[in-house]
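For the sequence shown, the working numbering begins at 312 and goes up steadily by one.
So the structure is just underneath, and the comments pick up after that.
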Amino acid sequence: MISSAYTYYLSQYVGRESSSNRYTTHKKSELRDIYNRMVKSNRRSPLYKIEEPEEAQKYAIDLKEASFALIDVASALEDKETKSGFINKQASSSDNDVAVARYVGEEEPKDDLKEYKLRVSELASPQINIGNYLNSEGRDLDIGSYSFDLNVGEYSYEFQFNVNSNDNNRTVEEKLARLINRSNVGLKAGIIENESGKVALKLESVSSGLSDGREYTFSIKDNDREEIDAVKILGIDKVVTKPSDAHFTVNGIESASPTNTFVINKEFEVTVNSVNADKDVIISFKPDIDAILDNLNTLVSGYNNMIEIAHSKNDGTYENSKLLRDLTFVSGDYRSYLETSGLKVDDEGYIEVDEALVVQAADEGTLTESLEKFSSFKNMLLNRANSISIDPMRYVNKKLISYPNPIKGFSNPYVSSIYSGMMYNGYV
Numbered sequence: 312m313i314s315s316a317y318t319y320y321l322s323q324y325v326g327r328e329s330s331s332n333r334y335t336t337h338k339k340s341e342l343r344d345i346y347n348r349m350v351k352s353n354r355r356s357p358l359y360k361i362e363e364p365e366e367a368q369k370y371a372i373d374l375k376e377a378s379f380a381l382i383d384v385a386s387a388l389e390d391k392e393t394k395s396g397f398i399n400k401q402a403s404s405s406d407n408d409v410a411v412a413r414y415v416g417e418e419e420p421k422d423d424l425k426e427y428k429l430r431v432s433e434l435a436s437p438q439i440n441i442g443n444y445l446n447s448e449g450r451d452l453d454i455g456s457y458s459f460d461l462n463v464g465e466y467s468y469e470f471q472f473n474v475n476s477n478d479n480n481r482t483v484e485e486k487l488a489r490l491i492n493r494s495n496v497g498l499k500a501g502i503i504e505n506e507s508g509k510v511a512l513k514l515e516s517v518s519s520g521l522s523d524g525r526e527y528t529f530s531i532k533d534n535d536r537e538e539i540d541a542v543k544i545l546g547i548d549k550v551v552t553k554p555s556d557a558h559f560t561v562n563g564i565e566s567a568s569p570t571n572t573f574v575i576n577k578e579f580e581v582t583v584n585s586v587n588a589d590k591d592v593i594i595s596f597k598p599d600i601d602a603i604l605d606n607l608n609t610l611v612s613g614y615n616n617m618i619e620i621a622h623s624k625n626d627g628t629y630e631n632s633k634l635l636r637d638l639t640f641v642s643g644d645y646r647s648y649l650e651t652s653g654l655k656v657d658d659e660g661y662i663e664v665d666e667a668l669v670v671q672a673a674d675e676g677t678l679t680e681s682l683e684k685f686s687s688f689k690n691m692l693l694n695r696a697n698s699i700s701i702d703p704m705r706y707v708n709k710k711l712i713s714y715p716n717p718i719k720g721f722s723n724p725y726v727s728s729i730y731s732g733m734m735y736n737g738y739v
């Protein structure tokens with residue numbers, strides 16, 4: 312009999328997916344607890360005879376494996392609950408057009424994190440120089456060699472370039488733009504064109520904001536050795552936009568940042584995109600809907616698989632009504648809470664996740680309390696799955712031979728081992 316149980320198990324379950332993971336590997340104390348529960352179950356078990364033993368084997372193995380799968384899911388979610396579980400949170404901004412938030416604090420957010428009221432009065436900006444608009448096909452610089460000095464912060468660079476007989480203003484400016492971009496000195500250069508078709512050289516600092524108390528991020532001047540003032544002819548020393556810091560208040564306290572991305576209280580990284588001087592943007596946490604839906608669907612899928620097994624046998628050989636009763640008792644006890652969380656329980660015991668209702672509850676702020684109840688449902692379901700895995704034979708029709716001794720209990724042979732192969736395969 313035991314060989315047929317192993318044959319069925321090997322053909323149906325081995326090799327389909329890994330049976331060993333962090334939730335089916337245990338410490339010695341955990342294995343000892345499983346053993347003690349098996350012994351306790353034996354003491355209470357009467358002597359009985361199984362009808363259609365080969366079919367009962369298959370059913371017991373299916374039921375045990377399904378309960379293991381549900382245990383894995385529930386255990387994974389239980390582990391996640393120390394990291395917010397069903398109530399996963401993510402950084403939130405009440406107006407993403409003004410500010411986008413990302414959590415950068417401790418690995419797991421604290422439950423007592425406060426919200427922050429943000430007002431942005433000025434964005435950080437880079438320095439921008441735009442030169443003179445020159446005739447694209449003309450040539451304002453004579454043929455020859457030129458140089459100029461570029462100061463960026465505390466560093467000074469000398470740039471040299473040539474104007475050839477076949478150059479015009481556009482090709483000269485394109486040549487300078489390539490030279491500056493390739494030098495990697497913290498500037499971006501490009502050519503812009505006005506409505507008249509004239510071209511100018513645009514220089515922009517890569518970084519924004521002010522640094523070291525300087526009024527400008529960079530400055531340009533002609534080299535003193537040059538007879539012709541190329542910088543003045545090109546006009547690239549003209550500042551059209553001064554660099555500035557971002558200015559904002561957090562809960563009424565004024566602050567500034569050289570960039571438009573900054574960190575609030577070592578918790579939220581905020582990137583501001585526009586000014587909102589007259590209205591607060593609330594930076595806080597909100598439920599992570601995607602993570603919540605994924606967790607709900609995962610657990611519901613494991614539960615529905617058990618319900619499916621209970622419905623799969625209706626020929627009287629199996630006590631499917633008892634299995635259904637045990638499972639639906641759990642869902643029935645929490646039915647009102649499940650439905651307010653967006654989980655609908657139908658007449659056959661199946662649960663369906665109404666994702667639209669979950670999203671609506673999150674938007675209305677009622678989801679967190681409901682999900683706390685759902686965590687209780689998950690814990691009760693985990694206990695039920697553990698009980699089923701220890702003794703799947705309770706859900707098989709059998710003829711009672713004798714009751715256990717009510718006065719002096721002793722450990723009977725573990726009857727389930729014959730039918731489910733004693734295959735606690737993941738417990739290694």
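No residue lacks a Cβ here, since even glycine has one placed at the ideal position from N, Cα and C.
The structure presented is a predicted model; accordingly, all values stated were derived computationally and were not measured.
N- and C-terminal bounds of the beta strand (DSSP E) containing residue i
i              : result
tyrosine 414   : 410-414
tyrosine 706   : Premise fails: tyrosine 706 is in no beta strand (DSSP E) and is neither H nor E.
asparagine 462 : 455-463
glycine 501    : 498-504
aspartate 533  : 529-533
Buried versus exposed, by CB contacts within 10 Å (16 or more), residue i
i                 : result
arginine 493      : exposed
aspartate 644     : exposed
serine 585        : exposed
proline 717       : exposed
phenylalanine 559 : buried
serine 566        : exposed
aspartate 383     : buried
Beta-carbon gap between residue i and residue j smaller than 8 angstroms
i              : j                 : result
lysine 709     : tyrosine 359      : yes
asparagine 534 : alanine 557       : no
leucine 461    : phenylalanine 470 : yes
alanine 696    : alanine 385       : yes
asparagine 443 : alanine 511       : yes
valine 611     : isoleucine 575    : no
tyrosine 414   : isoleucine 594    : no
threonine 552  : valine 411        : no
lysine 577     : glycine 416       : yes
valine 517     : glycine 497       : yes
proline 569    : alanine 667       : no
threonine 677  : glycine 660       : no
lysine 597     : asparagine 440    : no
Cut-off 8 angstroms between Cβ atoms - residues of its own chain near residue i, not counting five sequence neighbours on either side
i              : result
asparagine 539 : Here the sequence assigns isoleucine to residue 539, which means asparagine is not the residue at that position. Correct list, in chain order: Leu452, Asp453, Gly455, Tyr457.
alanine 380    : Gly613, Asn616
aspartate 657  : Glu663
Close beta carbons around residue i, own chain, < 6 angstroms, minus the five adjacent residues each side
i            : result
tyrosine 735 : Below a pLDDT of 50, predicted positions are generally treated as unreliable, and tyrosine 735, at 48, falls in that range; the measurement from the model is reported next regardless. None.
serine 395   : Since pLDDT at serine 395 reaches only 44, below the 50 mark, its modelled position is unreliable, and the value read off the structure follows with that caveat. Hits under 6 angstroms: none found.
tyrosine 714 : Pro357
valine 431   : Phe559, Val583, Val586, Asn587
Contacts around residue i, its chain only, beta-carbon distance under 7 angstroms, and the 5 residues preceding and following it disregarded
i             : result
leucine 374   : Ile620, Ile699, Pro703, Tyr706
glutamate 392 : Interpretation of glutamate 392 is limited by its pLDDT of 46, a score under 50 that renders its predicted location unreliable; the figure taken from the coordinates is listed afterwards. Within the same chain, glutamate 392 has close Cβ partners Ser686.
glycine 501   : Ala488, Lys513
lysine 509    : Tyr444, Leu445, Asn446, Ser447
serine 352    : Ile701, Asp702
Residue i, enclosing alpha helix (DSSP H) - first and last residue
i            : result
tyrosine 346 : 339-355
valine 574   : No alpha helix (DSSP H) contains valine 574, which is instead part of the beta strand (DSSP E) from 572-575.
Checklist line | Given 8 angstroms, three or more beta-carbon pairs between the segment 645-664 and the segment 694-707 | finding: Short answer: they don't touch.
Margin query: Is it the case that the segment 576-592 contacts the segment 338-347, given that we only count it when at least three CB pairs across the two stretches are under 8 angstroms?
Written below: Counting C-beta pairs with one atom in each stretch, the segment 338-347 and the segment 576-592 have fewer than three that are closer than 8 angstroms, which means they do not touch.
Margin query: Under 8 angstroms, with one C-beta from each stretch per pair, do the segment 402-418 and the segment 474-494 reach the 3-pair mark?
Written below: The segment 402-418 is not in contact with the segment 474-494.
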